[in-house]
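Those protein sequence lines, which keep their order, are chains A and B.
Quick note: the first sequence uses my numbering, first residue 7, plus one each step.
Quick note: the second sequence uses my numbering, first residue 7, plus one each step.
Remarks on the structure that follows.
Protein chains: 2
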Amino acid sequence: MNQVEVCFSPPLFDEFAKTNSIVVVVDIFRATSAIVTAFQHGAKSFIPVSTIKEAKELKAQGFLAGGERNGEVVKGFEFGNSPFSYMSEKIKDREIALTTTNGTRAINIAAKGADTVLIGAFLNLQALANHLQTQGKDVIIFCAGWKDRFNMEDSLFAGALTNLLLNSGKFYSDCDSANASSLVYRTGRKNLMSFLKNCSHRKRLTHLNLEKDVEYCLQRDITDVIPVLRDGKLVTLICRH
Amino acid sequence: MNQVEVCFSPPLFDEFAKTNSIVVVVDIFRATSAIVTAFQHGAKSFIPVSTIKEAKELKAQGFLAGGERNGEVVKGFEFGNSPFSYMSEKIKDREIALTTTNGTRAINIAAKGADTVLIGAFLNLQALANHLQTQGKDVIIFCAGWKDRFNMEDSLFAGALTNLLLNSGKFYSDCDSANASSLVYRTGRKNLMSFLKNCSHRKRLTHLNLEKDVEYCLQRDITDVIPVLRDGKLVTLICRH
Numbered sequence: 007m008n009q010v011e012v013c014f015s016p017p018l019f020d021e022f023a024k025t026n027s028i029v030v031v032v033d034i035f036r037a038t039s040a041i042v043t044a045f046q047h048g049a050k051s052f053i054p055v056s057t058i059k060e061a062k063e064l065k066a067q068g069f070l071a072g073g074e075r076n077g078e079v080v081k082g083f084e085f086g087n088s089p090f091s092y093m094s095e096k097i098k099d100r101e102i103a104l105t106t107t108n109g110t111r112a113i114n115i116a117a118k119g120a121d122t123v124l125i126g127a128f129l130n131l132q133a134l135a136n137h138l139q140t141q142g143k144d145v146i147i148f149c150a151g152w153k154d155r156f157n158m159e160d161s162l163f164a165g166a167l168t169n170l171l172l173n174s175g176k177f178y179s180d181c182d183s184a185n186a187s188s189l190v191y192r193t194g195r196k197n198l199m200s201f202l203k204n205c206s207h208r209k210r211l212t213h214l215n216l217e218k219d220v221e222y223c224l225q226r227d228i229t230d231v232i233p234v235l236r237d238g239k240l241v242t243l244i245c246r247h
Numbered sequence: 007m008n009q010v011e012v013c014f015s016p017p018l019f020d021e022f023a024k025t026n027s028i029v030v031v032v033d034i035f036r037a038t039s040a041i042v043t044a045f046q047h048g049a050k051s052f053i054p055v056s057t058i059k060e061a062k063e064l065k066a067q068g069f070l071a072g073g074e075r076n077g078e079v080v081k082g083f084e085f086g087n088s089p090f091s092y093m094s095e096k097i098k099d100r101e102i103a104l105t106t107t108n109g110t111r112a113i114n115i116a117a118k119g120a121d122t123v124l125i126g127a128f129l130n131l132q133a134l135a136n137h138l139q140t141q142g143k144d145v146i147i148f149c150a151g152w153k154d155r156f157n158m159e160d161s162l163f164a165g166a167l168t169n170l171l172l173n174s175g176k177f178y179s180d181c182d183s184a185n186a187s188s189l190v191y192r193t194g195r196k197n198l199m200s201f202l203k204n205c206s207h208r209k210r211l212t213h214l215n216l217e218k219d220v221e222y223c224l225q226r227d228i229t230d231v232i233p234v235l236r237d238g239k240l241v242t243l244i245c246r247h
C-alpha cells in the first residue's frame, strides 16, 4: 500500500517533500488547467519560470511566452493563464515559457523535493488517477493555493483525486489534509460551481469576468494528457501500462 | 461587520497577521485545552516559551514548569500538556513556564502579528464567541497544527467558532479556510470523537494511551475563562460587557 497526502499551500511543502514519491501540482484557477489544455492542443513543452524577466529572456530566444500576475496577462506576452488562450494552432509543437502567480512557483518548489512532478487538473483527473495506481509510489497532492493561502478549488481537486486513489484499494492515508479535502469534495461534488459560490478566489475571478474560465476548469476528464516535469521542462508523459 | 479568518498552520500565519485584529490560538490536543483548564483551576499566569532551556531557567527562578515534546512530559517538569495534570491545588496562584511542541510556538508567533492574542479550546468556546462579538475587531483563528501540518481537531474548533461568529450576524468571511473549517465542523459536530477516528494525530494520541485526554478536550463550554496574552504572559481576561 502507498500513501496519499495533501499539502494545502507552498509554505507547508517542506514537511511533505520526500524521495521516491510522486508530487501532483494543482492550480485549478488556472495555471495547471491551462497547461493541460495546451498539451491537449499540441504544445511541445513548457518551461515554468518564477519571474517575468526569465520568461522575457526565453521569449527573446524564440519561445512563446505565457505570463499572469494577479489574474491578468503580462503585457507583451502571447498568453496569460486562461485555458482558452491555449486552444490555438499557433502553439502546435512550440515551447512556451510560463510564469504565473502561484502555479509555476509551486511547480518549481515541487521540483526540489520529489523524484517525479506531474500536473493535475479536473480536466485530466481520471487519467492521472489511473496512472498513479500503476506506479507503486507515495503520492503528494500539492495545492498551489492563492498567494500562500489555502484555497477551496485546489482542495476540491485534492479531495477528488484522494477519493479515486483510496477507492482503488492501492492507497491509504493518515493525512488530515487528505481526509479534510476528501470530505469537502464529497460535500461539493454534485455541483462544484455552486459549491464554490462562497469562495474568495472565485469571487475574484468573477470580478475579472472569468466565469467562462471557471466553468471550463471545473470540467472532469476531457483529456488523457498528463504533463510531467523532465529536466526543468514540462512535457507530456507517455504512459505504458 | 468584521471578518473572521482561519489560519491552518504556523508557516501560513504571516499572510494573516495584521494590526487591529484579535488572534485566537488553538491547539486542542492539548496545549490550549490544558491552559484553559489550568486557569479554571486557579493558575495565576503562564509564560509560553519556545525551548526547554528557557522553561528550566524560569523553573530555577521559582516558576512551576510545564513541558511537552512529541506528546510526552519533559523530564523533571511538574506538568506536560495533559489538562488533568493541571487540575490540582498546587497550581493555585502560581506562575507556570510552559513549552510545547506546537501550542506555545504558535502563541509566540501570534504575539508578533496581532494586537490581542486569546487562547481558545472547545472548553471555553461559547465564552470566547460571546466576547469576540463585543469587540468590533477582525478575528483570526490560528490553528497550531501538528509540526507545521494542518490537523483536523484544530480545524474542527476553527469551524465551530467560525459558525458561532457568522451566526451572530456581526461577522462575515471571504476566507476559504474559514469556509472549509465550517463545513468540516458541520459534518462532524454530532460526534466529534467518532469523526476524529480517522485522524493521524488522534491515532498518535491513542498510541500514547491518551484517550481520556482526547475525550476531555472535546467537551464544550465547561468554563467561561478566557486566557489573554499581556506583556508576554498569559493571564485571565476580565470581561466587562
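Glycine residues also receive a C-beta, built at the ideal position from the N, C-alpha and C atoms.
Taking only beta-carbon atoms, is residue i less than 8 Å away from chain B?
i, result
"P89(A)", "no"
"S27(A)", "no"
"T75(A)", "A small correction: the amino acid at residue 75(A) is Arg; Thr does not occupy that position in the sequence shown. So no, R75(A) is outside the interface."
"D182(A)", "yes"
"T242(A)", "no"
"K118(A)", "no"
"F177(A)", "no"
"K24(A)", "no"
"L224(A)", "no"
"S200(A)", "no"
"T107(A)", "no"
Could you tell me if residue i is buried or exposed, where buried requires 16 or more neighbouring beta carbons within 10 angstroms of its beta carbon?
i, result
"D227(B)", "exposed"
"I244(B)", "exposed"
"E221(A)", "exposed"
"G248(A)", "Past the edges of chain A, shown from 7 to 247, lies residue 248(A), and the structure says nothing about it."
"S174(B)", "exposed"
"S88(B)", "buried"
"R155(A)", "buried"
"E217(A)", "exposed"
"T25(B)", "exposed"
"G86(B)", "buried"
"T140(B)", "exposed"
"G142(A)", "exposed"
"E84(B)", "buried"
Using a Cβ-based criterion (distance less than 7 Å to any ligand heavy atom), does residue i qualify as near the ligand MG?
i, result
"Q225(A)", "By its list of ligands, the structure shown contains no ligand whatsoever, and the ligand MG lies outside what it can speak to."
For the candidate residues the options, whose alpha-carbon lies nearest to that of residue i?
i, options, result
"G238(A)", "R195(A), K153(A), S51(A)", "S51(A)"
"K62(B)", "G48(B), Q46(B), G82(B)", "G82(B)"
"D160(A)", "F148(A), N169(A), L171(A)", "F148(A)"
"E11(B)", "H137(B), F156(B), I34(B), S187(B)", "S187(B)"
"S27(B)", "L138(B), T105(B), S94(B)", "L138(B)"
"W152(A)", "A116(A), K24(A), R75(A)", "R75(A)"
"V241(B)", "G77(B), I102(B), E84(B)", "I102(B)"
"M93(B)", "G73(B), V29(B), Q46(B)", "Q46(B)"
"K98(A)", "A49(A), K196(A), C223(A)", "A49(A)"
"I115(B)", "R100(B), L224(B), E217(B), F19(B)", "F19(B)"
"A44(B)", "P16(B), K96(B), A112(B)", "K96(B)"
"D180(A)", "M158(B), L170(B), A117(B)", "M158(B)"
Do we get a CB-CB distance below 8 Å when we pair residue i with the residues of chain A?
i, result
"A186(B)", "yes"
"L18(B)", "yes"
"N157(B)", "yes"
"H247(B)", "Here the model assigns H247(B) a pLDDT of 49, short of 50, so the residue's position is not dependable, and the following value carries that caveat. No, no contact with chain A."
"K203(B)", "no"
"D154(B)", "yes"
"F35(B)", "no"
"E21(B)", "yes"
"T229(B)", "no"
"T38(B)", "no"
"L172(B)", "no"
"V190(B)", "yes"
Given a cut-off of 8 Å on the beta-carbon distance, is the pair residue i and residue j in contact?
i, j, result
"V234(B)", "V42(B)", "no"
"S39(A)", "L129(A)", "yes"
"A37(A)", "A120(A)", "no"
"T110(A)", "S56(A)", "yes"
"I53(A)", "F163(A)", "no"
"F22(B)", "F14(A)", "no"
"L189(B)", "L167(B)", "no"
"Q67(B)", "F177(B)", "no"
Can you tell me where the alpha helix (DSSP H) holding residue i begins and where it ends?
i, result
"E252(B)", "Outside the modelled stretch of chain B, which goes from 7 to 247, sits residue 252(B), for which no answer is possible."
"R226(B)", "First-last for R226(B): undefined, no H or E at that position."
"K118(B)", "109-118"
"A135(B)", "131-138"
Taking the beta strand (DSSP E) that residue i belongs to, which residues open and close that run?
i, result
"K65(A)", "Not the beta strand (DSSP E): K65(A) falls in the alpha helix (DSSP H), residues 58-66."
"Q46(A)", "Q46(A) -> not in any beta strand (DSSP E); alpha helix (DSSP H) instead, spanning 37-46."
"V123(A)", "122-126"
"V31(B)", "27-32"
Could you name the residues of chain C that residue i contacts, counting a contact when the two beta carbons are closer than 7 Å?
i, result
"F14(A)", "Protein chains A and B are contained in the structure displayed, whereas chain C is not."
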